[in-house]
Every structure is written in structure tokens, then in C-alpha cells.
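Undergrad: Oh and the sequence shown: position 399 is 399 in the working numbering, straight run, nothing missing.
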Amino acid sequence: MSPVLAGVLQLLALLVALGLSYRPLGDHMARVYSSEKHLRVEKWIYKGIGADPSVEMRWPAYLRGVLAFSAVSLLFLYLLQRVQGSLPGSLGFVSIDPDQAFNTAASFVANTNWQSYYGEQAMGHVVQTGGLAVQNFLSAAVGIAVAVALVRGFARSRTGELGNFWADLVRGVVRILLPISVIGALVLVACGAIQNFAGIHEVGQFTGGAQQWNGGAVASQEVIKELGTNGGGYFNANSAHPFENPNGLSNLFEIYLILVIPFALTRTFGRMVGSLRQGYAILGTMATIWLGFTALMMWTEFAHHGPAFDLAGGAMEGKETRFGIAGSSIFAVATTLTSTGAVNSFHSSYTGSGGGITMLGMQLGEIAPGGVGSGLYGMLIMAIIAVFIAGLMVGRTPEYLGKKIGTREIKFAACYILITPALVLGFTAVAMALDTPSQSMTNSGAHGFSEILYAYTSGANNNGSAFAGLNADTQWFNTTIGIAMLLGRFLPMVFVLALAGSLAEQKPVPETAGTLRTEKPLFTGLLVGTILIVTGLTYFPALALGPLAEGLAA
């Protein structure tokens with residue numbers, strides 16, 4: 001079987017699995033966030049944290065809950081790393097330095113999971129399992145909660161109430177993430193991923209000395225790392241490591257985990273606003289971009305450029321032979337079009353055009369299908385921009401899902417789409433202008449610039465994947481990328497929740513003959529075009545200096 005055919009079959013199998021999961025998972029999540037009943041274990045949690053799940057919150061109160069909970073999580077994870085040397089199960093590792101502890105805490109709380117350290121050489125079992133893995137659940141649940149609050153803003157009228165953050169947070173963990181993770185961890189163990197609390201031991205004798213490995217609760221962390229679109233690996237090699245991702249079957253299953261909740265949330269959206277066709281329109285937009293990027297990536301990486309590429313079957317540098325070009329390309333697109341950031345190959349080793357595709361996927365805002373929660377609310381923001389543009393073309397006040405998109409709403413949407421590019425381009429420009437940050441680049445020229453641009457793109461978009469080749473474990477990068485991750489995660493949430501509150505206060509607008517039909521394929525095309533044009537106008541100059549210049553020079 002040719003590698004290309006094998007890649008196509010993998011993609012078809014993935015589509016079938018996602019299709020079979022779409023309806024039951026999407027409907028289940030809609031029931032979870034619409035139910036008035038509370039499970040017994042949830043009641044215990046509410047009592048423990050002193051929250052009343054029946055109290056409805058307006059958007060400022062909902063936002064305070066998000067920020068307060070995240071701040072406490074940030075402080076807890078930071079302190080846990082700082083005292084690691086005194087904890088049992090630390091495997092003899094010392095406490096983490098302040099700048100790296102801040103960067104890691106910000107990373108996992110912001111659902112980014114950027115890692116400037118070697119996991120197997122820095123973090124013991126307590127920090128890995130009691131700190132990092134826990135935040136994988138919590139940060140993912142926060143993202144879904146914010147998305148659900150925005151959906152309620154569209155679904156409700158004449159009220160500013162968006163639900164209860166604490167109830168949404170707890171339900172997301174207890175009813176959605178935990179059950180799927182338990183099943184998923186068993187699947188990964190069956191595939192060969194490890195799950196233990198073993199200490200450091202020597203694997204064998206190799207040229208230059210013995211090689212040492214430590215065990216860990218890897219399968220359980222791996223599954224929520226992908227399911228929650230987090231991305232932080234137990235080992236430095238991330239999902240390229242055989243303990244995390246043993247074979248082709250586990251690789252395909254991990255890609256499925258990355259995509260299943262973000263895609264299924266479009267049905268949850270359609271169910272909660274009372275129109276499944278609106279959900280299908282958003283799904284169609286996400287799927288069109290994802291399939292287009294996947295096809296382009298596979299074509300780029302399979303293209304042969306000389307005898308070496310012909311013998312290897314394509315651009316195999318930086319890729320695992322057990323996954324090949326197809327499994328690596330599908331994974332790379334999935335992880336950068338979502339806010340996952342896990343890698344099963346090294347993106348710096350991709351062709352110039354392939355590296356640019358991974359970067360552009362993040363710069364779109366990671367909305368196709370995006371992170372758990374963040375992909376849906378990011379896409380809905382772009383839908384508002386699209387109907388606003390359509391309204392300008394026909395000269396009428398734009399409407400979306402029966403709500404008028406007025407001056408206030410469009411300002412919130414505009415602020416949302418401007419925050420991340422400002423962080424990415426601003427920090428990249430400063431880093432390139434200073435001497436110290438540029439010394440961390442392994443490569444010079446266009447590829448070296450791509451390393452810096454990719455790092456801040458990954459951080460500010462809450463992705464977390466690394467281009468490789470950049471020494472990011474410095475005070476400058478640990479601090480600035482940490483700041484970019486926090487601002488890139490929580491500033492957009494401010495405008496999302498403010499927009500949700502504004503929409504919820506409106507009364508429904510009756511549909512007329514002049515109303516833009518946002519459930520039609522025409523709107524899907526308009527939305528795809530809007531996303532590509534907005535991103536292109538924003539990032540094209542920077543991309544021209546990096547991956548485009550490198551690709552044209554190849």
C-alpha cells in the first residue's frame with residue numbers, strides 16, 4: 001500500500017469516527033448544560049467550595065468567577081512547583097526556578113501547555129499528576145463554560161443572566177471530561193502507553209553510557225491532554241514518545257480525541273439555540289478549513305524534491321517512522337487548528353510551506369475546530385464579523401440568531417480579534433529587536449525568524465506547540481511567553497462574556513425577507529472567506545518574512 005493511500009484511509013477512518021460521535025456527544029453536552037438537576041458528587045463539590053449552583057450570574061459575576069478560579073489555580077500550581085524538592089514522589093528532582101515555574105503555571109492554567117523544560121528530567125509524580133494533569137481538566141472545563149455562556153447569550157432574551165460558572169465548571173469535569181478520559185486511558189494502555197508510578201531506572205547500555213527513564217501516570221495524562229486540547233506531554237518528545245503514543249492506532253485515536261469535543265460542540269450550540277441547522281453551518285465552516293489544511297499539508301509533505309526525498313517516501317526529517325508522513329501531517333494540522341499543541345513530529349523539520357501551514361492554523365484563531373470551548377466562541381465571534389460585513393454590503397443592520405449586531409456588539413467582537421495579533425506581533429517585534437532573545441535561535445534568516453514568530457503565535461493563541469530549534473528556557477522567553485499566554489487566554493474571555501451579556505439583554509428580532517440566512521451554505525462560504533481574509537491581512541507581512549520566504553527559497 002502506498003503511503004499516500006494509507007494517509008487517505010487514515011483520514012477516512014477519522015472522519016467516520018468523528019461522524020459517529022457527533023450526535024450523541026453533542027446532544028449529551030447540551031443536556032449537561034441545560035439540566036436543572038445536580039448529581040450527588042456535584043453537590044458535595046458545591047458544598048466544599050461554598051458555591052450555590054442555582055444562582056444565575058450576569059456577565060461581570062461570571063467573569064469574576066472565571067478570573068478568581070484561574071488566579072487561585074495559577075498560584076497553587078506555581079507554589080507546587082516551587083516546593084517540589086520537598087515533596088514525596090519528586091524522583092529526586094529539585095524545585096523549579098521562579099521564572100520557569102511562572103511560565104509553566106501560566107501555561108497549564110491558560111490551557112496552553114507550553115513547555116520550556118524536559119518533563120522527564122524536571123517534574124516528579126506529584127507535580128505531573130496532582131498539578132499539571134489536574135489543570136488539564138480544569139482549564140478545559142473553563143473554556144467550555146465560557147462558550148456555553150456565549151451560547152446562552154444568543155438563546156436567551158430580556159435577561160442578562162448567563163448561568164452559573166461554578167455549576168458549568170463542575171459539570172464539565174464530572175459529566176464530560178472525566179468519563180471520556182477514563183475510557184480513553186484504558187484504550188491507550190491497551191495500545192501500549194504506560195501507566196505507573198515507577199522511579200528512574202536504566203534501560204540499557206548504549207554508546208556513550210546508559211540511558212535512564214522514569215515511569216509515570218502517562219496514559220491518564222495523555223488522554224486529557226488531547227481531549228481537553230491542552231497538549232503538555234509527560235515527556236519532552238511529547239506524542240512522538242513511544243510511552244505516550246506507541247503506534248499508528250494510538251496515534252489515530254489521539255487525533256480523534258483532539259477533534260471530537262470541538263466538533264461536537266457545534267451540535268450542542270445548535271441544540272441550545274433551537275436550530276440544529278445553525279450548528280451545521282458552523283460545523284461546515286470548521287470542517288471545510290480543517291480538511292483544506294489537512295489536504296494541503298499532506299500534499300506539501302509528500303511532494304518529492306530529489307533522490308533523498310524519493311528514497312524516504314517524502315519529507316521524513318523530524319517524523320517518526322511508525323507514524324509516517326500521513327499520520328504526522330494529520331496530527332500537525334489537528335493540533336495547530338485546535339489549541340492542543342501536542343506534537344508527534346517536530347514542526348521545525350517540516351518543509352517551509354508545511355511549517356507555514358502549522359503557523360497559519362494557529363493564527364486563524366484556532367477555530368477550525370479550535371480548542372474545547374474556545375474554538376466555538378472564537379468561531380461565533382467570526383460569524384458576527386461576517387454578518388456585519390454582509391450588513392455593510394446590503395445596507396441593513398446585521399442580525400445573527402435573532403439578535404441585532406449593533407455598535408456595542410461589534411466593538412466587543414473587534415476587540416476580541418485584535419488582542420491576539422497585537423500580542424503575537426508586538427512580542428515578536430521586540431524579541432527580534434533585542435540582542436538577548438535572538439541569541440536563543442538555532443537558525444538564522446527566515447527560519448530563525450519563524451522560530452520566534454511561532455513561539456509567540458503558539459503562546460498567545462493558547463496552543464503550546466513548539467517549532468523546535470529555539471531555546472525558550474530563558475528568563476526573557478519564560479516571562480514574556482507566560483504573559484502572552486495569560487493575556488491571550490483571559491482578555492478575549494472578557495469580551496466574549498461582555499458580548500454574551502449584551503446579547504442576552506436583547507429581545508428577539510423577527511425574521512424578515514431581508515434577513516441573512518445564516519444556516520445556508522452561502523453563509524458558510526462567507527464565513528470561510530472572512531476568516532481567511534482577516535487572518536491574511538493581519539499576518540501576511542510576518543509570514544512573508546518567515547515561512548513564505550523559506551518556502552520560496554527551497
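Even glycine gets a Cβ: it sits at the ideal position worked out from N, Cα and C. Source: prediction; values computed, not measured.
If you check the beta carbons only, do Ile224 and Asn136 fall under 8 Å apart?
TA: The count along the sequence shown starts at 1 and reaches residue 224 at position 224. The count along the sequence shown starts at 1 and reaches residue 136 at position 136. Yes, Cβ-Cβ distance for Ile224 and Asn136 is below 8 Å.
Undergrad: For Leu39, which residues of its own chain have a beta-carbon under 7 Å away from its beta-carbon, when the five flanking residues on both sides are left out?
TA: Walking along the sequence shown from the start, residue 39 turns up at place 39. Here the set comprises Val174.
Undergrad: Tell me the DSSP bridge mates of Asn214?
TA: As a working note, residue 214 is residue 214 in the sequence shown. Answer is Ile200, bridged to Asn214.
Undergrad: If you follow the alpha helix (DSSP H) that Gly248 is part of, which residue opens it and which one closes it?
TA: Indexing the sequence shown from 1 puts residue 248 at position 248. Here the alpha helix (DSSP H) through Gly248 covers 248–273.
Undergrad: I'd like the span of the alpha helix (DSSP H) that includes His447, first residue to last.
TA: For the purposes of this step, residue 447 is identified with residue 447 of the sequence shown, where counting begins at 1. Here the alpha helix (DSSP H) through His447 covers 445–460.
Undergrad: Please identify the residue among Trp290, Ile325, Pro421 whose C-alpha is closest to the C-alpha of Ile367.
TA: Your numbering for residue 367 matches position 367 in the sequence shown. The shortest Cα separation from Ile367 among Trp290, Ile325, Pro421 belongs to Trp290.
Undergrad: So, using beta-carbon positions, are Ser339 and Glu301 closer together than 8 Å?
TA: The count along the sequence shown starts at 1 and reaches residue 339 at position 339. The count along the sequence shown starts at 1 and reaches residue 301 at position 301. No, Cβ-Cβ distance for Ser339 and Glu301 is not below 8 Å.
Undergrad: Three-state secondary structure (DSSP) at Ser345?
TA: For the purposes of this step, residue 345 is identified with residue 345 of the sequence shown, where counting begins at 1. It is a strand residue.
Undergrad: Alpha carbon to alpha carbon, what distance is there between Ile49 and Ala71?
TA: Taking the sequence shown and counting its residues from 1, one reaches residue 71 at position 71. Taking the sequence shown and counting its residues from 1, one reaches residue 49 at position 49. Computed Cα separation, rounded: 15 Å.
Undergrad: Distance, Cα to Cα, Leu138 vs Leu169?
TA: Residue mapping note: residue 138 aligns to position 138 of the sequence shown, counting from 1. Residue mapping note: residue 169 aligns to position 169 of the sequence shown, counting from 1. Roughly 8 Å separates the two Cα atoms.
Undergrad: Might you give, ordered along the chain, the residues of its own chain that have their beta carbon closer than 6 Å to the beta carbon of Ala386, omitting 5 neighbours on each side?
TA: Stepping through the sequence shown from its first residue, residue 386 is reached at position 386. Result list for Ala386: Leu526, Leu527, Thr530, in chain order.
Undergrad: Would you list the residues sitting across from Arg58 in a DSSP beta bridge?
TA: Position 58 of the sequence shown, counted from the start, is the residue given in the question as residue 58. Looking at the DSSP assignment, Arg58 forms a beta bridge with Glu161.
Undergrad: Give the range of the alpha helix (DSSP H) segment to which Gln100 is assigned.
TA: On the sequence shown, position 100 is the one that residue 100 refers to. First-last of the alpha helix (DSSP H) with Gln100: 98–109.
Undergrad: May I ask which residues mark the beginning and end of the alpha helix (DSSP H) holding Leu132?
TA: Stepping through the sequence shown from its first residue, residue 132 is reached at position 132. Taken as a continuous stretch (DSSP letters only), Leu132 belongs to no alpha helix (DSSP H), as it is neither H nor E.
Undergrad: Going by other Cβ atoms of all chains shown within 10 Å of its Cβ, with 16 needed for buried, is Tyr125 buried or exposed?
TA: Residue mapping note: residue 125 aligns to position 125 of the sequence shown, counting from 1. Note that residue 125 is His in the sequence shown here, rather than Tyr. Buried, since its Cβ has 16 or more Cβ neighbours within 10 Å.
Undergrad: CB of Asp435 to nearest heavy atom of the ligand FAD: below 7 Å?
TA: Absent from the structure shown: the ligand FAD. Ligands present: none.
Undergrad: Verify whether the separation of the beta carbon atoms of Gly26 and Arg271 is less than 8 Å.
TA: Within the sequence shown, the letter at position 26 stands for residue 26. Within the sequence shown, the letter at position 271 stands for residue 271. In this structure, Arg271 lies closer than 8 Å to Gly26 by Cβ.
Undergrad: Three-state secondary structure (DSSP) at Glu399?
TA: Mapped onto the sequence shown, residue 399 falls at position 399. It is a strand residue.
Undergrad: Looking only at its chain, what residues have a beta carbon closer than 8 Å to the beta carbon of Ser345, apart from the 5 residues adjacent to it on each side?
TA: On the sequence shown, residue 345 is found 345 positions in, with the first residue counted as 1. Result list for Ser345: Ala240, Gly318, Lys319, Glu320, Phe323, Ser328, Phe331, Ala332, in chain order.
Undergrad: Excluding sequence positions up to five away, which residues of its chain have a Cβ less than 6 Å from the Cβ of Ile381?
TA: The sequence position of residue 381 within the sequence shown is 381, counting from 1. Around Ile381: Ala413, Tyr416.
Undergrad: Does DSSP put Lys319 in a helix, in a strand, or in coil?
TA: Within the sequence shown, residue 319 is the residue found at index 319, counting from 1. In this structure, Lys319 counts as strand in the three-state DSSP scheme.
Undergrad: Is DSSP giving Lys404 helix, strand or coil here?
TA: Your numbering for residue 404 matches position 404 in the sequence shown. Looking at Lys404 - three-state DSSP - the assignment turns out to be strand.
Undergrad: Can you name the start and end residues of the alpha helix (DSSP H) that Tyr42 belongs to?
TA: Mapped onto the sequence shown, residue 42 falls at position 42. For the sequence presented, residue 42 should be read as Glu rather than Tyr. Looking at the DSSP string, the run of the alpha helix (DSSP H) that includes Glu42 is 40–49.
Undergrad: Give me the Cα-Cα distance between Ala264 and Phe165, rounded to the nearest whole angstrom.
TA: What you label residue 264 is simply residue 264 of the sequence shown in a count that begins at 1. What you label residue 165 is simply residue 165 of the sequence shown in a count that begins at 1. So the alpha carbons of these two residues sit roughly 21 Å apart.
Undergrad: Only counting the same chain, and skipping five residues up and downstream in sequence, which positions put a Cβ closer than 7 Å to that of Phe495?
TA: Position 495 of the sequence shown, counting from 1, holds the residue named residue 495. Closer than 7 Å at Cβ, skipping near neighbours: Phe412, Cys415, Tyr416.
Undergrad: DSSP beta-bridge partners for Met441?
TA: Counting from 1 along the sequence shown, the entry for residue 441 is found at position 441. Looking at the DSSP assignment, Met441 forms a beta bridge with Leu470.
Undergrad: Verify whether the separation of the beta carbon atoms of Val148 and Gly160 is less than 8 Å.
TA: Translated into positions along the sequence shown, residue 148 becomes position 148. Translated into positions along the sequence shown, residue 160 becomes position 160. No; because the gap between Cβ atoms is not below 8 Å, this pair is not in contact.
Undergrad: Tell me which same chain residues have a C-beta within less than 6 Å of the C-beta of Arg152, skipping the five on either side of it?
TA: By 1-based counting over the sequence shown, the position of residue 152 is 152. The residues are Leu162, Gly163.
Undergrad: Compare the Cα-Cα distances from Glu202 to each of Ile194, Gln211, Gln195, Asn196 and report the closest residue.
TA: Working through the sequence shown from its first residue, we reach residue 202 at position 202. Ranking Ile194, Gln211, Gln195, Asn196 by Cα distance to Glu202 puts Gln211 first.
Undergrad: Quick check: Ala219 and Leu188, are their CB atoms within less than 8 Å of each other?
TA: Taking the first residue of the sequence shown as 1, we reach residue 219 at position 219. Taking the first residue of the sequence shown as 1, we reach residue 188 at position 188. It is a contact, given that the beta carbons lie within the stated cut-off.
Undergrad: Just verifying my parser: in three-state terms, what is the DSSP assignment at Ser374?
TA: Locating residue 374 in the sequence shown gives position 374, counting from the first residue. Looking at Ser374 - three-state DSSP - the assignment turns out to be helix.
Undergrad: With 16 other CB atoms within 10 Å as the buried threshold, where does Trp114 fall?
TA: Position 114 of the sequence shown holds residue 114. Classification for Trp114: buried.
Undergrad: With His28 as the anchor, note down where its alpha helix (DSSP H) starts and where it stops.
TA: In the sequence shown, counting from the first residue as 1, residue 28 sits at position 28. Segment 3–34, the alpha helix (DSSP H) holding His28.
Undergrad: What did DSSP end up calling Glu366 once you bin it into helix, strand or coil?
TA: Taking the sequence shown and counting its residues from 1, the one referred to as residue 366 is at position 366. Looking at Glu366 - three-state DSSP - the assignment turns out to be coil, as it is neither helix nor strand.
Undergrad: Per DSSP, what kind of secondary structure is Val187 in: helix, strand or coil?
TA: Taking the first residue of the sequence shown as 1, we reach residue 187 at position 187. Val187: helix per DSSP, three-state reduction.
Undergrad: How long is the line joining the alpha carbons of Leu516 and Glu399, rounded to whole angstroms?
TA: By 1-based counting over the sequence shown, the position of residue 516 is 516. By 1-based counting over the sequence shown, the position of residue 399 is 399. Computed Cα separation, rounded: 7 Å.
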